[in-house]
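Heads up: the structure comes next, in structure tokens.
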Amino acid sequence: MGLIGKDPINILQGEISPLLDLPYLKFLDLSLNDFHQDSIPEFIGSLQYIEYLNLSNANFRGTIPTNLGNLSHLEVLDLSGNCFSLKADNLNWVYGLSSLKVLYLGGVDLSNADDWLDAVNMLPTLVELSLFFCKFHKLPQNLPHVNFTSLKILDLSYNDFSSTIPDWLFDIGHSLVYLNLSRCPIPLTLGLFQKKGLPLSTSSSLRELYLSNNRLNGSLEQSLAQFSQLVVLNMAGNHLEGNITEAQLQKFRSLQVLDLSSNRLVLKDQEYEFVFQFLHGYVPNLSSQLQLSPLDLSSNSFNSPLPGFSANLRGILNFVEFRFQRYARTMNHSEIHNVREEKKKTKMALQ
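Encoded structure:
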């Protein structure tokens, strides 16, 4: 049963009538509705055959009913997006969700749920775990035995962790595809990544890594090769430093998104060097980066023409951002025209 409130005019409001007359219900989606901060109805915990339950962005409030733990057939549970109106003092109730594969609790107040790691560790079939913005204040350091080895996607972003990355995260890191620890802020060094091997070997399954706005420091010059298997790498807003060469960047054959903004990096060429922020000087040829998207070269001051890839933007980029006033003196008229035309077409295609 899907009752998604995509249209603001037709969203559901008010109380939910019991659905116990549908004892074999397997799919229930009430997301994007407005239930005026009512509590999640207790009867939902009696829908014993339900496999998919989505109550996200529906303006529920109060404590999550523990009888949701009776839903042993449940595979997907999404309670995210209720703006801290939902809370749970513990997650003991998830022990009963023996079939669970996807758990989204982003925006649920779990500040008192000190057992959250032990609880999710009892879910061996769990593939996706999203706990962003849950008001955590510490990242548990001890987990004697890791059970949730099926985990592929882990999002712990926007939590106020102050501790270092624990060993259990390194243990599961080698099987992850997606890891988001942005804005935690965890004190990290690139040397720790090298020492522990999280999860940056070329044989690793990791494809998307988000570590922006932490306290990550160290020299990227010696560590960059570890990230070459990634599709997305975001380390913006840290304290990284060091030199990066064009040869190093060309090793990222699968890279689609690279964000190293607001660091202290220097990009070195055989004859030129310039920093990533307020760039100046020679622009390297990035034509080998066929998956690169988007590219933002705004707010810089280049003193050489853009290399030949600017004429082939259609096949390389989905979105290009230039601030032309700083390029105009070094780009010929046809280059500027081509870039502007491609930017217009790209924006139209995205609308």
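134 is the number of the first residue of the sequence shown in our numbering; add one for each residue after it. For glycine and all other residues, C-beta sits at the position ideal for the given N, C-alpha and C. Being a predicted model, the structure only gives us computed values, none of them experimental.
- Sequence-distant Cβ neighbours of Trp226 in its own chain, meaning closer than 7 Å and more than five residues away, are Thr199, Leu201, Gly202.
- The Cβ atoms of Val253 and Val235 lie no closer than 8 Å to each other.
- Phe265 sits buried, since 16 or more C-beta atoms from the chains shown fall within 10 Å of its C-beta.
- Relative to Leu323, the option among Phe294, Lys285, Leu357 whose CA is nearest is Leu357.
- Gly239 places its beta carbon less than 8 Å from that of Gly214.
- Excluding residues up to 5 positions away in sequence, Ser290, Tyr291, Tyr343, Leu344, Ser345, Asn346, Asn347, Asn367 lie with their Cβ nearer than 8 Å to the Cβ of Ser315 in the same chain.
- Boundaries of the alpha helix (DSSP H) harbouring Val253: 249 to 253, taken from the DSSP string.
- Judged by DSSP in its simplified three-state form, Asn245 adopts coil rather than helix or strand.
- Under the three-state reduction of DSSP output, Leu188 falls in the coil class, being neither helix nor strand.
- With 16 or more other Cβ atoms inside 10 Å of its own Cβ, Gly306 counts as buried.
- In the DSSP assignment, Glu175 is bridged to no other residue.
- Contact annotation, Glu341 with Gly375: C-beta distance approximately 23 Å; criterion of less than 8 Å not satisfied.
- Taking C-beta separations shorter than 8 Å and ignoring five residues to either side along the sequence, the partners of Leu363 in its chain run Leu339, Arg340, Glu341, Leu342, Phe385, Ser387, Leu388, following chain order.
- Under the three-state reduction of DSSP, Val390 is assigned to strand.
- Our two residues, Asp293 and Cys267, have alpha carbons roughly 9 Å apart in a direct line.
- In the three-state DSSP reduction, Thr282 falls in the coil class, being neither helix nor strand.
- A residue is called buried when at least 16 other Cβ atoms come within 10 angstroms of its Cβ; Ala369 meets this threshold and is buried.
- Nearest in C-alpha terms to Gly229, of all of Leu276, Leu204, Ala246, is Leu204.
- Taking the CA atoms as reference points, Ala191 sits about 11 Å from Leu219.
- C-alpha of Cys317 to C-alpha of Asp242: approximately 16 Å in a straight line.
- Per DSSP, the unbroken alpha helix (DSSP H) holding Glu379 starts and ends at 379 to 382.
- Burial of Leu391 is indicated by the presence of at least 16 other C-beta atoms within 10 angstroms of its C-beta.
- Across the structure, Phe217 and Val365 are spaced so that their CA atoms are roughly 29 Å apart.
- Lys220 is bridged by DSSP to Thr196, Asp242.
- If you keep only unbroken alpha helix (DSSP H) runs of at least 4 residues inside the region 293 to 325, you get 300 to 306.
- The closest CA to that of Ala221, considering only Trp249, Leu233, Asn313, Leu398, is found on Trp249.
- Rounded to whole angstroms, Leu180 and Leu155 show a C-alpha spacing of 8 Å.
- In the DSSP assignment, Val209 falls within the unbroken beta strand (DSSP E) covering 209 to 211.
- Its chain contains Lys271, Leu272 as the residues whose beta carbon lies nearer than 6 Å to that of Ser296, once the 5 sequence neighbours on both sides are disregarded; these appear in chain order.
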